[in-house]
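Those protein sequences? They're chains L and V, same order as listed.
Under our numbering, the first sequence has 167 at position 180, and the numbering climbs by one with no breaks.
Under our numbering, the second sequence has 15 at position 28, and the numbering climbs by one with no breaks.
Even glycine gets a Cβ: it sits at the ideal position worked out from N, Cα and C.
In what follows, a structure is listed as structure tokens, so that the remarks can point back to it.
2 protein chains.
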Amino acid sequence: MPYRPTHRTLTRQAETRRRILDAAQTLVIEAGYRGAQVASVAKRAEVATGTFYRYFPSKDELFAEVFQLATRRELERVAIAAHRGGSVRQRIARVVEVFARWALQERSLAYALIAEPLDSAAGQERQAYRRGYQRVLKGLIAEAVAGELCAPVDPAITAAFVVGGLVEAVLGPLSPEAGSTDQELQVNTLVATVDRAIFGDSALEGSASMAAERAMGRVTDGSSKKGSGVDGRGSSPRGEAAPASPLKGIKPL
Amino acid sequence: MPYRPTHRTLTRQAETRRRILDAAQTLVIEAGYRGAQVASVAKRAEVATGTFYRYFPSKDELFAEVFQLATRRELERVAIAAHRGGSVRQRIARVVEVFARWALQERSLAYALIAEPLDSAAGQERQAYRRGYQRVLKGLIAEAVAGELCAPVDPAITAAFVVGGLVEAVLGPLSPEAGSTDQELQVNTLVATVDRAIFGDSALEGSASMAAERAMGRVTDGSSKKGSGVDGRGSSPRGEAAPASPLKGIKPL
DNA sequence: GCAAGAAATGAATCGTGGTTCACTCATGTG
DNA sequence: CACATGAGTGAACCACGATTCATTTCTTGC
């Protein structure tokens, strides 16, 4: 009975599998899901396209796994942030902080993971992050409502609102210039905004992450006028209170 | 010089053009952009595919126009809501209300217009709505900040946050069951949430739309416990304050 | 070294969907 | 009516990208 996979062989195969997964993730980060064709992934992993199908049944399966790995890793961090001690309010602030910091840091991956348009594909899998994140927030908000720490808002709707808001605010204009803004400041702004959306504007009590307090401190700081320098992109020179036609950029026709 | 288009001919051509546009919009509403291939549009408009290219240079151009028409129509309504009298706070509430009500009513169109993943295509055009809507809110928020009616938040970031939040909260789970929730209630909840996110939780003063006040009134209504019946989808039976693992639905692997 | 499989390969295949084009039909003009 | 020219047609074409498969190249056990 000639041939039976030996240890060395199995090891090499495992390595190949990992190489393909890595190549896929790298490509997603560099070029988005759209730029990650099977051919490119295979090339990057230094195998032939045919070999790819020896390790994965389809492209979808591959990316389902890629997204799952990244998603799981990140959701775990968020979950931890949600459970480490402190008041609900502090925990919410921490969760937002963890998310915002990660998204700003690993912008490309975060974008591919939760914001990039991908029609069919592993789209289902991809939504796991959003859903999971929403679930964490929903739990925290429900806890706050139950403890009468905030107005009796609907946890599900509010959680959805917050997640959508964060994603848009952080990843919305995925313009070329990435580090154009003071990250720290942006994170604090978002923490404060979420805090206000859920708890209103009474001052944050405890300590812990302090992020919210810091940002809100800026707020009561009489020196600031508005605009505050954080702009998301150096768009309009002034945050004019003027109407600013919403139809700009839309051809009259 | 034989032949020169007569009036009747020109009229018929204009009609054909409109038929194609209508067919395209209808298809987008019914099947999303993905289900709107040139062949389908042509068939629906009762012309041959070749004829289509006699009226539009490309599929992209067609949908750019389709999106533009819908976008412009809707943005105008929002802009009007933003300018009709009342305090800034009231106007913001009205803008949110107009948006939310429209999105809930014309769910499919709204989804295709601002939430459906569409990779390349007329994607640029499509973003016009989001951007325009953001611009309106940014203006209003800047006005509020200038008048010191709210904390000196960053108008751009806050506007992005609000738009993203609304889109997610209204169109996020575009599940089959559309009218599963009390629309009015959902609108009020959102108006209240946005109001809180921008102005904190002091009571809304004026009158006008009153939507926010109504929703906030519910809030101080001692009878409601939490959950409030509005859930976005009949997910978990109870909005348990418990952790609720965020990793649910993600295979261990 | 050698035969029996397994693994790797990449060119060919297939499906999808936008775009073209050779042709027919309709409509004006003299 | 006869002809010129635009309009309409739909089958063919093309690009792109996932998947397959006949062929070649290892691996293993003797």
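Query                                                                                                                         : Result
Inter-residue CB distance, residue 170 of chain L and residue 91 of chain L (contact presumed, cutoff 8 Å)                    : 5 Å
Residue -3 of chain V burial status per 10 Å Cβ neighbour count (16 or more: buried)                                          : exposed
Chain-ordered neighbours of residue 173 of chain L on chain V, where CB pairs are closer than 9 Å                             : 141, 144
Close Cβ partners of residue 55 of chain L (< 8 Å) along its chain, the five nearest in sequence each way excluded            : 112, 115
Within chain L, the residues that residue 155 of chain V reaches when beta carbons sit closer than 7 Å                        : 147, 148, 150, 151
Residue -9 of chain L (DSSP reduced to helix, strand or coil)                                                                 : coil
Segment contact, 8 Å Cβ cut-off, at least three pairs: the stretch 121 to 137 of chain L with the stretch 57 to 70 of chain L : yes
Proximal residues, the stretch 178 to 189 of chain V versus chain L, C-beta separation under 7 Å                              : 180, 183, 184, 187, 188
Neighbour list for residue 3 of chain L in chain V, Cβ cutoff strictly below 9 Å                                              : Chain V residues near residue 3 of chain L: none, gap ~18 Å exceeds 9 Å.
DSSP three-state assignment for residue 139 of chain V, whether helix, strand or coil                                         : coil
CB of residue 22 of chain L within 9 Å of CB of residue 102 of chain L, strictly                                              : no
Through-space distance from residue 175 of chain L to residue 127 of chain L, alpha-carbon basis                              : 19 Å
Classification of residue -10 of chain L by the beta-carbon crowding that lies within 10 angstroms, buried from 16 upward     : exposed
Near-chain V residues of the stretch 68 to 79 of chain L (beta-carbon distance less than 7 Å), N- to C-terminal order         : 70
Buried/exposed call for residue 61 of chain L, threshold 16 Cβ in 10 Å                                                        : buried
Amino acids of chain V, ordered along the chain, whose beta-carbon sits closer than 7 Å to that of residue 159 of chain L     : 147, 151
First through last residue of the alpha helix (DSSP H) which encompasses residue 182 of chain L                               : 170 to 186
Distance between beta carbons of residue 32 of chain V and residue 6 of chain V, contact taken as under 8 Å                   : 4 Å
Residue 220 of chain L versus residue 3 of chain V - alpha carbon distance                                                    : Confidence at residue 220 of chain L is low in this model, with a pLDDT of 39, below 50, so its placement is unreliable and the value that follows should be read with caution. Roughly 43 Å between the two C-alpha positions.
Local Cβ density within 10 Å of residue 139 of chain L, reported as buried at 16 or more and exposed below that               : buried
Limits of the alpha helix (DSSP H) - the one that residue 74 of chain V falls within                                          : That residue, residue 74 of chain V, is in no alpha helix (DSSP H); it is neither H nor E in DSSP.
4 or more residues per run - each alpha helix (DSSP H) lying fully within the stretch 47 to 118 of chain V                    : 75 to 92, 94 to 97
Rounded separation between residue 150 of chain L and residue 16 of chain L - CA only                                         : 22 Å
Distance between residue 187 of chain V and residue 137 of chain V (C-alpha atoms, nearest Å)                                 : 8 Å
Reduced DSSP category for residue 34 of chain V - H, G, I as helix; E, B as strand; rest coil                                 : coil
Which of helix, strand or coil DSSP assigns to residue 18 of chain L                                                          : helix
Pair within 9 Å by beta-carbon distance, residue 80 of chain L and residue 178 of chain L                                     : yes
CA nearest to the CA of residue 99 of chain L, picked from L/74, L/85, L/48, L/18                                             : L/18
Min CB distance residue 95 of chain V to chain L below 9 Å                                                                    : no
DSSP state of residue 1 of chain L mapped onto helix, strand, coil                                                            : helix
Expected contact under 8 Å - CB spacing of residue 183 of chain V and residue 183 of chain L to nearest Å                     : 7 Å
Supposed close pair residue 25 of chain V, residue 181 of chain V - CB separation, criterion 8 Å                              : Rounded, the Cβ-Cβ distance is 40 Å, inconsistent with contact.
Under the three-state DSSP convention, the category residue 152 of chain V falls into                                         : helix
Status (buried if at least 16 other CB within 10 Å, exposed otherwise) for residue 1 of chain L                               : exposed
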